[in-house]
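In our numbering, each residue carries its 1-based index in the sequence shown increased by 5. To keep things clear, I will list the structure first and then write my remarks on it.
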Amino acid sequence: MTVLCRAAALAAFALAPLSAHADAVSDALAAAQSAYEAGDLNGTSAQLITATKALAEMQGGLLLSHFPAAPDGWTRTDNTDMAANLGMIGGGSGGEARYDAPDGSGVTLTAFADNMMVSSMAGMLGNPAMMAMMGKTEVIGGVTFLNQEGSFSALLNNRVLVQAQGGSEEQNRTILGLIDFAAMAAFDKK
Numbered sequence: 006m007t008v009l010c011r012a013a014a015l016a017a018f019a020l021a022p023l024s025a026h027a028d029a030v031s032d033a034l035a036a037a038q039s040a041y042e043a044g045d046l047n048g049t050s051a052q053l054i055t056a057t058k059a060l061a062e063m064q065g066g067l068l069l070s071h072f073p074a075a076p077d078g079w080t081r082t083d084n085t086d087m088a089a090n091l092g093m094i095g096g097g098s099g100g101e102a103r104y105d106a107p108d109g110s111g112v113t114l115t116a117f118a119d120n121m122m123v124s125s126m127a128g129m130l131g132n133p134a135m136m137a138m139m140g141k142t143e144v145i146g147g148v149t150f151l152n153q154e155g156s157f158s159a160l161l162n163n164r165v166l167v168q169a170q171g172g173s174e175e176q177n178r179t180i181l182g183l184i185d186f187a188a189m190a191a192f193d194k195k
């Protein structure tokens, strides 16, 4: 290969979109493809698991990006370990943040997507009659929530479970009222 061809190939690689060669998902998928082509099925499987975990972490970050900022005077603390722990409950993605009020009380906001827990709750939270039998329902931001003794749960787009708990009913409503639920439901779509 001539020096000019090498330089052109290097320039093309450098100018390619970063997503094509600079993230953990792409890297693991490329490694899985190489392992598969080499006949290493164990290595292929390991790299596919790595890609799946990295993708879940990316989705968890996207989901968390749709959580609201803390209200004035409150603080927000994100649980950055949540995505890693979802493997124990069937995978998927999720986000969790704690909102602390000035008086020391607080709300924990969680959202889970595409995992077994969401699937198991879908039959209840996706059916208004079932929700009414389980407790009172309230509409917040255009979304119907199940209110069970001040803990709120709703299902967005049949795949994202949103829950607020720990604070007073009014505090939970306040945090939930700050969410753009349409954007959260489509958190991993461009």
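Virtual Cβ for every residue (Gly too), placed ideally from N, Cα, C. Remember, predicted model here, so these are calculated numbers, not experimental data.
Provide the residue(s) that pair with residue i in DSSP beta bridges, ordered along the chain.
{"i": "G111", "result": "D105"}
{"i": "K141", "result": "N152"}
{"i": "Q168", "result": "T115 and S158"}
{"i": "G100", "result": "A116"}
Looking only at C-alpha atoms, which of the options sits nearest to residue i?
{"i": "T113", "options": "Q170, M87 and A127", "result": "Q170"}
{"i": "V123", "options": "G99, R164 and I145", "result": "R164"}
{"i": "K195", "options": "L68, S158 and G182", "result": "L68"}
{"i": "D105", "options": "V30, Q176 and F157", "result": "Q176"}
{"i": "T115", "options": "M87, A187 and M129", "result": "M87"}
{"i": "E143", "options": "S110, L181, G172 and D108", "result": "L181"}
{"i": "M189", "options": "N152, Q153, G146 and G172", "result": "G146"}
{"i": "I184", "options": "Y41, E62, P133 and S70", "result": "S70"}
{"i": "G78", "options": "S110, S31 and F150", "result": "S110"}
{"i": "A191", "options": "G172, F72, Q153 and F157", "result": "F72"}
{"i": "N162", "options": "A127, S173 and T179", "result": "A127"}
{"i": "F186", "options": "G140, S173, Q168 and E174", "result": "Q168"}
{"i": "P107", "options": "G172, G65 and A56", "result": "G172"}
Would you mind reading off the limits of the alpha helix (DSSP H) that contains residue i?
{"i": "T80", "result": "Where T80 is concerned, there is no enclosing alpha helix (DSSP H), although the beta strand (DSSP E) it sits in stretches over T80 to D83."}
{"i": "N47", "result": "L46 to L69"}
{"i": "G36", "result": "The amino acid occupying residue 36 in the given sequence is Ala; Gly does not appear at that position. Residues A29 to E42."}
{"i": "G182", "result": "First-last for G182: undefined, no H or E at that position."}
{"i": "A75", "result": "No alpha helix (DSSP H) contains A75, which DSSP labels as neither H nor E."}
{"i": "G196", "result": "The chain is shown only over 6 to 195; residue 196 falls outside these bounds and no answer can be derived."}
{"i": "F186", "result": "F186 to A190"}
{"i": "G128", "result": "M121 to L130"}
Considering only the beta carbon of each residue, do residue i and residue j sit closer than 8 Å?
{"i": "D119", "j": "G155", "result": "no"}
{"i": "Q52", "j": "A75", "result": "no"}
{"i": "A159", "j": "V148", "result": "yes"}
{"i": "M129", "j": "M121", "result": "no"}
{"i": "G99", "j": "F117", "result": "yes"}
{"i": "A61", "j": "R81", "result": "no"}
{"i": "F157", "j": "L151", "result": "yes"}
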